[in-house]
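Undergrad: The structure is given below, and queries will be raised subsequently.
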Amino acid sequence: MQTISIGIMNLCAPCGCACRYCLLRSCKQAEGVDYERGKRLAERFFAWGRDKGLPEPPFYNVGFCAEYPQLLENIAFNRANGWIGARFLQCNGIAIRPEEETDRWLSRIKAAGIERIDTTFFGDRACHDAFAARDGDYDFMLLLASRAAAHGIVCAPTVPVTRENLAMLPELIDTLEAIPGIGPIGCFLPDHRGRGHLLEPYRVTPEDVAGLPEHVRALLDLRRYKTEAEWLADGPLPEYTKRALLITLRADNIDLFERMTCDEIVAYVEGLDDDYYRAIPPVNELAQMYGEPANRRLYRVRDLFWKWQRRYIKEHGLRLYDVTDERNCAAVRS
Ligand code: SF4
-6 MQTISIGIMN LCAPCGCACR YCLLRSCKQA EGVDYERGKR LAERFFAWGR
44 DKGLPEPPFY NVGFCAEYPQ LLENIAFNRA NGWIGARFLQ CNGIAIRPEE
94 ETDRWLSRIK AAGIERIDTT FFGDRACHDA FAARDGDYDF MLLLASRAAA
144 HGIVCAPTVP VTRENLAMLP ELIDTLEAIP GIGPIGCFLP DHRGRGHLLE
194 PYRVTPEDVA GLPEHVRALL DLRRYKTEAE WLADGPLPEY TKRALLITLR
244 ADNIDLFERM TCDEIVAYVE GLDDDYYRAI PPVNELAQMY GEPANRRLYR
294 VRDLFWKWQR RYIKEHGLRL YDVTDERNCA AVRS
């Protein structure tokens, strides 16, 4: 198993939302460590990666959202290290602000170097606010999307597609496309991981997608998706050979990590990932155990793997360190 990238994650910024599909299972509370403490470890990792000549240097990711006092400093830190966070900011979950204050905030992040932001829309106003678990979230995301262009920032909204919001999509897309200066809109199917497994009954089928108007369908890139029936019929599923490692800093591991070398930390997290996957049968065995040949819902192959893993772990009563939960040290295999 080849580790192809390493990220340092610090969930020190509580999110204002608790979205139903949140892969980080946000409960509107912080779970990380002091920002500066996380940054020091990230700096150590960046120097280590440079000395090792890694093709992709380790990066520092602050979550759950972009609402924390050191945001501008962190954008500068991203710029100094050549990370994507120097130019791009995910804006979901930040504090709701009135228009004037929103303008000041956008102007500050633009001055810091941000060129592109993302806001996510889940459906009409009522559906969106219920999904995000925050009243006023839809109107605020719309305000951000509408004001971004005035500050020279491209807002590229994203829209998850589920059976719950299918009927709302044409009007939602029309609303977004009518915003002057709006960037490209991207529709996507939610991952099965985190709280995304709760949306399993609402995953769409090719027939659901075919029923969408052409201009909405065109925004949904399904190249990596097939129905479960198709994945099973098309032969052995691809075995994973690579992993992206996430070193998530928490109160219960930061003291230990500060005493360890970077090599030791990487080996420790790789060990957690190895232990997890040793306890679970390979994907093609899981497919034989749990595959549903008549299921017409659409998945990436990793969604099926996550779905079957959950079932295997539950049925066998396994108590594992969950490396698919990014609030823990985690790995995404591919
Ligand atoms: S805005 Fe993002 S981090 Fe916050 S709850 Fe929603 S998905 Fe999770």
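Note that the sequence shown covers residues -6 to 327 in the numbering used here.
Even glycine gets a Cβ: it sits at the ideal position worked out from N, Cα and C.
Have a look at Val294, Trp301, Asp268, Arg271 and flag the residue whose alpha-carbon is nearest the alpha-carbon of Gln330.
TA: Coverage of the chain is limited to positions -6 through 327, which leaves residue 330 absent and any answer about it impossible.
Undergrad: Taking the alpha helix (DSSP H) that Val209 belongs to, which residues open and close that run?
TA: Start at 1 with the first residue of the sequence shown, and residue 209 comes out as number 216. Val209 -> alpha helix (DSSP H) spans 207 to 210.
Undergrad: Whole angstroms are fine: how far does the CA of His185 sit from the CA of Glu296?
TA: As a working note, residue 296 is residue 303 in the sequence shown. As a working note, residue 185 is residue 192 in the sequence shown. Before going on, a small fix: residue 296 reads as Asp here, not Glu. Distance between the alpha carbons of Asp296 and His185 is about 5 Å.
Undergrad: Give me the DSSP bridge partner(s) of Lys300.
TA: Position 307 of the sequence shown, counting from 1, holds the residue named residue 300. The partner list for Lys300 (beta bridge, DSSP) is empty, contrary to what the question assumes.
Undergrad: Along the chain, where does the alpha helix (DSSP H) that runs through Leu249 open and close?
TA: The residue given as residue 249 occupies position 256 in the sequence shown. Element bounds for Leu249: 247 to 252.
Undergrad: Nearest-angstrom Cα distance between Phe81 and His144?
TA: Position 88 of the sequence shown, counted from the start, is the residue given in the question as residue 81. Position 151 of the sequence shown, counted from the start, is the residue given in the question as residue 144. Cα-Cα distance, rounded: 14 Å.
Undergrad: Say the cut is 7 Å; is the CB of Phe57 nearer than that to a heavy atom of the ligand SF4?
TA: In the sequence shown, counting from the first residue as 1, residue 57 sits at position 64. Under cutoff, so the answer is yes.
Undergrad: May I have the straight-line CA-CA distance separating Leu212 from Met253, to the nearest angstrom?
TA: Numbered from its first residue, the sequence shown carries residue 212 at position 219. Numbered from its first residue, the sequence shown carries residue 253 at position 260. Straight-line Cα distance between these residues: approximately 46 Å.
Undergrad: Label Pro150 either buried or exposed according to how many other C-beta atoms from any shown protein chain fall within 10 Å of its C-beta, with 16 as the threshold for buried.
TA: Locating residue 150 in the sequence shown gives position 157, where the first residue counts as 1. Buried: at least 16 other Cβ atoms inside 10 Å.
Undergrad: Below 8 Å CB to CB, which residues in the same chain sit around Arg289 once its five sequence neighbours on both sides are set aside?
TA: Here residue 289 corresponds to residue number 296 of the sequence shown, with the count starting at 1. Only Thr198, Pro199, Glu200, Thr220, Glu221, Ala222 meet the Cβ criterion.
Undergrad: Using DSSP's beta-bridge definition, name the partner residues of Thr220.
TA: Within the sequence shown, residue 220 is the residue found at index 227, counting from 1. DSSP lists Leu291 as partners of Thr220.
Undergrad: Name the DSSP bridge partner or partners of Ala237?
TA: Translated into positions along the sequence shown, residue 237 becomes position 244. BP columns for Ala237 point to Ser(-2), Val325.
Undergrad: Note down the Cα distance separating Ser139 from Pro275, rounded to an integer number of angstroms.
TA: Taking the first residue of the sequence shown as 1, we reach residue 139 at position 146. Taking the first residue of the sequence shown as 1, we reach residue 275 at position 282. Ser139 and Pro275: Cα-Cα distance of roughly 47 Å.
Undergrad: Please state whether DSSP places Pro229 in a helix, a strand or coil.
TA: Along the sequence shown, one-based indexing puts residue 229 at 236. Coil.
Undergrad: Which stretch, first to last residue, makes up the alpha helix (DSSP H) that contains Asp111?
TA: As a position in the sequence shown, residue 111 is number 118, starting the count at 1. Run containing Asp111: none in the alpha helix (DSSP H); it sits in the beta strand (DSSP E), 109 to 111.
Undergrad: Any chance you could list the alpha helix (DSSP H) runs of at least 4 consecutive residues sitting entirely within the stretch 26 to 70, in chain order?
TA: The qualifying runs are 28 to 45.
Undergrad: Cβ of Leu242 within 8 Å of Cβ of Val55?
TA: The residue you call residue 242 lines up with position 249 of the sequence shown. The residue you call residue 55 lines up with position 62 of the sequence shown. Not closer than 8 Å, so no.
Undergrad: Which residue marks the beginning of the beta strand (DSSP E) containing Gly179, and which one marks its end?
TA: Here residue 179 is taken as the residue at index 186 of the sequence shown, counted from 1. From DSSP, the beta strand (DSSP E) with Gly179 extends over 179 to 181.
Undergrad: For Ala40 versus Ile1, is the C-beta spacing smaller than 8 Å?
TA: For this step, residue 40 is matched to residue 47 along the sequence shown. For this step, residue 1 is matched to residue 8 along the sequence shown. Cβ atoms of Ala40 and Ile1: not closer than 8 Å.
Undergrad: Would you check if the distance between the CB atom of Tyr14 and the CB atom of Pro194 is smaller than 8 Å?
TA: Looking up residue 14 in the sequence shown gives position 21. Looking up residue 194 in the sequence shown gives position 201. Their beta carbons are not under 8 Å apart, which means Tyr14 does not touch Pro194 by this criterion.
Undergrad: Below 8 Å between beta carbons: does that hold for Gly31 and Asn71?
TA: As a position in the sequence shown, residue 31 is number 38, starting the count at 1. As a position in the sequence shown, residue 71 is number 78, starting the count at 1. Not in contact: Gly31 and Asn71 (Cβ atoms no closer than 8 Å).
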